[in-house]
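Presented below is the structure to which this report refers.
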Amino acid sequence: MAFIALVAIVTVLVGYATISKHSGSRPSPLIDAFSLKQNMARLLNTADQPPNLPFLEGIRIILMVLVLVAHANTAVLRTPLTNPEDIELQNNNFFFPLINSLNTHVISMFFTVAGMATLFLRTKLTPVGYKHQDYCDRHWWTNLLFINNYVHANEPCMKFGWYLGVDFQLFLVSAAIMMIIWRFPRSKMLCTYLMITISLALPAFEIYKEKLDATSTFNMKHALTDYLSYEGYLKNYAPTTVNAGYYFIGMIAAFTYHHINKNDNLHFKAFSYSSKLITSITPMFLAINGILLVLPSLPKPSIILALYGSALKAIWSVANGSLLLYLALRSNSKIVALLAHPQLRVLTRLSFCVYIVQLSVVYTFYSHLSVPITNNVSHAPGEQISSATDKPEKLRGAIQGSDQDVLGTISKLAQPEAAH
Numbered sequence: 001m002a003f004i005a006l007v008a009i010v011t012v013l014v015g016y017a018t019i020s021k022h023s024g025s026r027p028s029p030l031i032d033a034f035s036l037k038q039n040m041a042r043l044l045n046t047a048d049q050p051p052n053l054p055f056l057e058g059i060r061i062i063l064m065v066l067v068l069v070a071h072a073n074t075a076v077l078r079t080p081l082t083n084p085e086d087i088e089l090q091n092n093n094f095f096f097p098l099i100n101s102l103n104t105h106v107i108s109m110f111f112t113v114a115g116m117a118t119l120f121l122r123t124k125l126t127p128v129g130y131k132h133q134d135y136c137d138r139h140w141w142t143n144l145l146f147i148n149n150y151v152h153a154n155e156p157c158m159k160f161g162w163y164l165g166v167d168f169q170l171f172l173v174s175a176a177i178m179m180i181i182w183r184f185p186r187s188k189m190l191c192t193y194l195m196i197t198i199s200l201a202l203p204a205f206e207i208y209k210e211k212l213d214a215t216s217t218f219n220m221k222h223a224l225t226d227y228l229s230y231e232g233y234l235k236n237y238a239p240t241t242v243n244a245g246y247y248f249i250g251m252i253a254a255f256t257y258h259h260i261n262k263n264d265n266l267h268f269k270a271f272s273y274s275s276k277l278i279t280s281i282t283p284m285f286l287a288i289n290g291i292l293l294v295l296p297s298l299p300k301p302s303i304i305l306a307l308y309g310s311a312l313k314a315i316w317s318v319a320n321g322s323l324l325l326y327l328a329l330r331s332n333s334k335i336v337a338l339l340a341h342p343q344l345r346v347l348t349r350l351s352f353c354v355y356i357v358q359l360s361v362v363y364t365f366y367s368h369l370s371v372p373i374t375n376n377v378s379h380a381p382g383e384q385i386s387s388a389t390d391k392p393e394k395l396r397g398a399i400q401g402s403d404q405d406v407l408g409t410i411s412k413l414a415q416p417e418a419a420h
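Residues in the sequence shown are numbered consecutively from 1, following UniProt numbering.
Below, the structure written as structure tokens:
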């Protein structure tokens, strides 16, 4: 009932503001903010002066697409499948650790972009997440205080709102650091070294203290519980401490870019050094991620896992920051021009709206499937679902003989892990 009342109020405000704007009257700024005509004009406007580092708009779009693909492919694991064993076998695939690393660290670039944007006059957009279950009546205040990634993280009001908590907390920390540097300019290098130390030390400490793996693993067992009871998510993915490095490296990249911009004689050298930086970072990035392919199973807590987990987050942070700095110094390149295209600014304004509704759409689609589906891991993501109309003989077998097997397998996988 409250939801219907809220929708009715918003509808009335939008209608009144839009009609008032169209008729030429001047409503109050609060009412004017609901004008559909005005908001559409702002959304589609590409004539304004582009923001600093406009290529970040294109980066946001690419990242959002990667997030959508990852979430869509993860959500299918929570549906009845005719071949759950095939999905489980993916975990034993030789290249699965690399794919899992990409899935785990794709969100890191959002934090690096946010850290770099801290030093420039930009509007920082952040997603507000997806309401997983009806915990809002009890835990709404954790979202209001932006501590939902720590307090009641396993019973969230908006599951993917953990990003908001991390981003806001890191924004406060970065603002404090900027104030210290502004008040005491000579402390800039000290603050930089401190940020690097924190970026390396905190993830290692958390992994060792909580007896975790080097990186979070998103597999079928944890997908069935939506990761809300998975220690890797609660302790090594959502906390601010393990994501601070991504943000801090973005700030350091912004410090570097700002320093180069103030000194014209550094532009040519920086242009050359940035290419060398990418050339040197790439093999290190591949090598450190490649260790995942041969990383043995070690008893926990493990110093080796803690150090490697810290190094893995560090190399992703440095790679993100180096890429952003490289693109920032190449304002005339075709890639930067494409990423900074005015039309992408429109899509960027919509990207986090897409983030808000994407899981609702995905879960609605999968929840309305009336029969088990087959996930074909050998095909592209868009071709993974074989429907009943495509393969009626497989559907018939699923309905007659395999439903109980599928449900039994899912129930077995959903059982909590035995205590170590």
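Don't be surprised by glycine CBs; every beta carbon is placed ideally from N, CA and C.
Please read all numbers here as calculations on a predicted model, not as lab measurements.
Leaving out five residues on either side along the sequence, give the residues of the same chain with a beta carbon under 7 Å from the beta carbon of residue i.
i: I61; result: L344, L347, T348 and S351
i: A244; result: L170, I198, S199 and L202
i: A17; result: P27, I31, D32, F34 and S35
i: K235; result: E206, E210 and L212
i: A314; result: S199, L200 and G245
i: L66; result: V106
i: I303; result: Y208
Cβ of residue i within 8 Å of Cβ of residue j?
i: A214; j: L312; result: yes
i: S317; j: Y273; result: no
i: G165; j: F146; result: yes
i: T112; j: L277; result: no
i: A270; j: L329; result: yes
i: L305; j: P97; result: no
i: P239; j: N103; result: no
i: N289; j: S101; result: yes
i: E206; j: E231; result: no
i: F55; j: L327; result: yes
i: L339; j: G58; result: yes
i: M195; j: M251; result: yes
i: L63; j: Q358; result: no
i: I180; j: S187; result: yes
i: Y308; j: I335; result: no
By the three-class DSSP mapping on this structure, what secondary structure does residue i have?
i: E85; result: helix
i: H152; result: coil
i: P269; result: Contrary to the premise, residue 269 reads as Lys rather than Pro in this sequence. Correct three-state label for K269: helix.
i: M251; result: helix
i: E206; result: helix
i: S23; result: helix
i: L324; result: helix
i: I4; result: helix
i: Y257; result: helix
i: residue 426; result: Past the boundaries of the shown model lies residue 426; the chain is included only from 1 to 420, so the question cannot be answered.
i: S229; result: coil
i: K211; result: coil
i: K300; result: coil
i: N332; result: coil
i: S317; result: helix
i: Y16; result: helix
i: S216; result: coil
i: M158; result: coil
i: I399; result: With a pLDDT of 37 at I399, under the threshold of 50, the modelled position of that residue is not reliable, and the figure given next carries that caveat. The answer is helix: DSSP assigns I399 an H, G or I state.
i: N143; result: helix
i: S28; result: coil
Count the other C-beta atoms from every protein chain shown that fall within 10 angstroms of the C-beta of residue i, then say buried if there are 16 or more, exposed otherwise.
i: P185; result: exposed
i: V12; result: exposed
i: F268; result: exposed
i: M158; result: buried
i: T282; result: exposed
i: T279; result: exposed
i: E85; result: exposed
i: F248; result: buried
i: T364; result: exposed
i: S310; result: buried
i: V7; result: exposed
i: N143; result: buried
i: Y193; result: exposed
i: N320; result: buried
i: P4; result: In the sequence as displayed, the identity of residue 4 is Ile instead of Pro. With fewer than 16 Cβ atoms within 10 Å of its Cβ, I4 is classed as exposed.
i: I177; result: buried
i: residue 443; result: With the chain represented from 1 up to 420, any question about residue 443 goes unanswered, as that position is not in the structure.
i: L53; result: buried
Less than 6 Å between C-beta atoms, sequence neighbours within five positions excluded: which residues of the same chain meet that for residue i?
i: T126; result: In this predicted model, T126 has a pLDDT of only 40, less than 50, meaning its place in the structure is not dependable; the value taken from the coordinates is given anyway. Counting only Cβ-Cβ distances below 6 Å, and skipping sequence neighbours, we find L164 and D167.
i: Y208; result: P301 and A306
i: Y237; result: S216
i: W141; result: none
i: D264; result: none
Report whether the distance from the Cβ of residue i to the nearest heavy atom of the ligand FMN is below 7 Å.
i: N148; result: What this structure holds is no ligand at all, so the ligand FMN is not there to describe.
I'd like the list of long-range same chain contacts for residue i, defined as Cβ closer than 8 Å, with 5 residues on each side in sequence excluded.
i: Y135; result: H152, E155, P156 and C157
i: V354; result: M64 and L68
i: H259; result: L266
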